[in-house]
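Visitor:
In our numbering, the protein residues as written are 673 to 803.
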């Protein structure tokens, strides 16, 4: 079983305590967003769990005070949603049978914030491939 969990680049400084990242690690983080992984080489069942944000959640977290801020929020939301859609479509192109799960409102540590959902999805996935 392969579990793919993606995080946002904005959270990287928190992982490192703002220390300078090893150049190889930095390159892997940055290039991973530009280089399409060779998912077609995967020969095992795949479940991919992505955290996502709804437009309503974004508006609650960053309430715009004017039209300019609303336009910026709309643009940022569309960009983030577009990246998530790209990652999902890249995975589906290489592994058509992949199960993709989105967890709206989950935080970076989704295995903590959405523990029951993660466990439920993994159990259901495990049961589906065990047959």
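For every residue, glycine included, the Cβ atom is placed at its ideal position computed from N, Cα and C.
Using only the alpha-carbon positions, how far apart do residue 762 and residue 711 sit?
Guide: Your numbering for residue 762 matches position 90 in the chain shown. Your numbering for residue 711 matches position 39 in the chain shown. Their Cα atoms are separated by approximately 8 Å.
Visitor: For residue 685, which of helix, strand or coil comes out of DSSP?
Guide: Sequence index remark: in the chain shown, residue 685 carries index 13 (1-based). Low confidence applies here, because residue 685 scores a pLDDT of 41, under 50, leaving its location unreliable; read the following figure in that light. Helix.
Visitor: Check whether the segment 766–782 and the segment 713–733 are in contact - that is, three or more C-beta pairs closer than 8 Å.
Guide: yes
Visitor: Quick check: what's the CA-CA separation for residue 723 versus residue 744?
Guide: Position 51 of the chain shown, counting from 1, holds the residue named residue 723. Position 72 of the chain shown, counting from 1, holds the residue named residue 744. For residue 723 and residue 744, the distance between alpha carbons rounds to 21 Å.
Visitor: Can you grab the Cα-Cα spacing for the pair residue 774 / residue 750, in whole Å?
Guide: Here residue 774 corresponds to residue number 102 of the chain shown, with the count starting at 1. Here residue 750 corresponds to residue number 78 of the chain shown, with the count starting at 1. Their backbone Cα atoms lie some 16 Å apart in a straight line.
Visitor: To the nearest angstrom, how far is the alpha carbon of residue 741 from that of residue 728?
Guide: Position 69 of the chain shown, counted from the first residue, corresponds to residue 741. Position 56 of the chain shown, counted from the first residue, corresponds to residue 728. Spanning the two alpha carbons is a distance of roughly 15 Å.
Visitor: Helix, strand or coil: how does DSSP classify residue 775 here?
Guide: Looking up residue 775 in the chain shown gives position 103. Three-state DSSP puts residue 775 in a strand.
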